[in-house]
Amino acid sequence: MGGCMTKKLGERLVDAGLITTEQLELALKRQKRCGGLFGSNLVLLYMITEDELLAFLAKSTGVKSIDLKSFPIPERVLKMMTKGMVEKYNVIPVAYKKPNTLEIACADPTNIAILDELSFITGRNIVPLLSTYSSILEAITRYYSGVPFTNGSSAPQECTDQQIVLSETGHKRLGQLLVEADMIQPHQLNRALKRQCQQGGVIGRNLIEIGAISEQKLKMFLARQMGVKEVNLSQVFFSRELLEYIPLEVAEKYHVVPIAAKDGELSVACLDPTDFSILDQLQFYTGMKIKAFLASYAAINQIIDQYYRSIPLGKENPAESTPSITISTDL
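Heads up: the sequence shown runs through residues 217 to 547, numbered per my numbering.
Quick look at the structure:
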């Protein structure tokens with residue numbers, strides 16, 4: 217039944233002109249191989265943005281959306297679902313209403329199979345509310361793993377035009393340099409910064425999401441103009457010992473993977489090595505000095521899929537604990 221509902225969502229997206237039939241088939245193949253929700257697979261393949269998918273689902277289903285960053289979830293409600301459950305189904309409980317109704321945030325309210333399964337497991341009537349995959353993931357990380365938001369607060373910060381203009385964070389510096397290089401326009405930077413304030417994520421990823429710049433052009437800029445080194449993740453050996461430096465929830469939240477560890481220094485691959493706020497968070501979390509290398513969003517996600525989610529980590533070569541890496545500045 218779940219597959220039918222997934223297919224139905226895909227067909228509706230095709231009918232709406234948001235994806236092609238070829239993209240539908242590719243996303244279904246990836247879902248079969250890697251798991252996850254159909255919608256999140258579309259997003260990870262850059263076939264649709266989270267904002268576009270959210271708007272489509274809200275309009276086509278009539279399901280209300282919820283802002284998880286500004287909605288406080290009571291502890292007693294969180295206890296109604298285990299960490300394993302929310303991670304498996306990519307949902308999070310948000311409210312309980314008597315006599316026996318549990319409201320949950322989910323990325324695909326059309327997946328009746330998951331809703332029925334959750335109703336059976338919890339013994340409660342399940343009412344879905346709509347949210348993005350990344351927002352749910354961030355909420356799961358915050359509430360179930362104790363990893364705070366990047367801004368260090370449980371509540372979202374106000375984001376004003378004046379703050380955007382005056383900000384001198386790593387995010388802003390990258391944006392300003394892209395504007396000065398005529399890679400993006402000032403209004404695109406402001407739009408991306410506002411989206412970042414609302415939904416989080418690195419500024420580079422937000423610029424890509426709004427269509428201001430392609431990932432390839434951003435990589436070229438970071439590598440050639442800012443001297444950032446690129447790592448070839450296909451030539452990195454990912455041992456259990458290495459992966460344990462950064463757990464799955466942190467890797468997914470910040471979209472980074474560890475690539476080497478030596479003498480108190482942890483090398484990581486990320487989309488934006490100039491994002492100092494994330495690097496600071498990783499340094500605080502690991503207690504190690506962080507050295508960042510450039511890798512594509514797709515390459516990082518493939519490593520997370522392959523080593524964190526799909527393949528048991530007990531099959532590595534026990535004699536090798538630190539990987540050798542190949543650095544490339546040639547894009």
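For glycine and all other residues, C-beta sits at the position ideal for the given N, C-alpha and C.
Determine which residues share a DSSP beta bridge with residue i and list them.
i	result
residue 275	For residue 275, which the question treats as bridged, DSSP gives no partner whatsoever.
residue 317	313, 341
residue 474	484
residue 281	346
residue 264	According to DSSP, which records beta bridges pairwise, residue 264 is partnered with nothing at all.
residue 552	In the structure displayed, the chain extends from 217 to 547; residue 552 sits before or after that span and is not available.
residue 400	Bridge partners of residue 400: none, in fact.
Counting C-beta neighbours from all protein chains within 10 Å, is the total for residue i 16 or more, i.e. buried, or is it exposed?
i	result
residue 243	buried
residue 297	buried
residue 387	Low local confidence applies: a pLDDT of 40 at residue 387 is under 50, so the model's placement there is unreliable, and no value is given.
residue 503	exposed
residue 369	Residue placement at residue 369 is poorly supported in this model, since its pLDDT is 36, which falls under 50; the coordinates are not used for a value here.
residue 440	exposed
residue 357	buried
residue 528	Caution is warranted here: a pLDDT of 49 is assigned to residue 528, below 50, making its placement in the model unreliable, and the coordinate value is therefore given only provisionally. Exposed is the call here.
residue 241	exposed
residue 348	buried
residue 238	exposed
Give a yes or no on whether the C-beta atoms belonging to residue i and residue j are separated by under 8 Å.
i	j	result
residue 419	residue 390	yes
residue 512	residue 433	no
residue 325	residue 395	no
residue 485	residue 520	no
residue 254	residue 226	yes
residue 228	residue 276	yes
residue 482	residue 461	yes
residue 510	residue 438	yes
residue 508	residue 489	yes
residue 274	residue 345	no
residue 335	residue 342	yes
Along the chain, where does the alpha helix (DSSP H) that runs through residue i open and close?
i	result
residue 445	No alpha helix (DSSP H) contains residue 445, which DSSP labels as neither H nor E.
residue 427	It is not in any alpha helix (DSSP H) - residue 427 carries neither H nor E in the DSSP assignment.
residue 305	299-305
residue 294	291-294
residue 457	456-459
Nearest to residue i by CA position, among the options, is which residue?
i	options	result
residue 447	429, 284, 473, 433	473
residue 515	261, 237, 329	261
residue 306	313, 320, 312, 314	320
residue 315	295, 330, 308, 340	340
residue 270	470, 289, 322	322
residue 487	471, 476, 246, 257	471
residue 410	346, 422, 311	422
residue 351	330, 331, 308, 392	308
residue 608	401, 393, 334, 329	With the chain covering only 217 through 547, there is no way to say anything about residue 608.
residue 267	412, 463, 231	412
residue 201	393, 403, 498, 525	Limits of the chain in this structure are 217 at one end and 547 at the other, which puts residue 201 out of reach.
Give the range of the beta strand (DSSP E) segment to which residue i is assigned.
i	result
residue 232	First-last for residue 232: undefined, no H or E at that position.
residue 508	505-510
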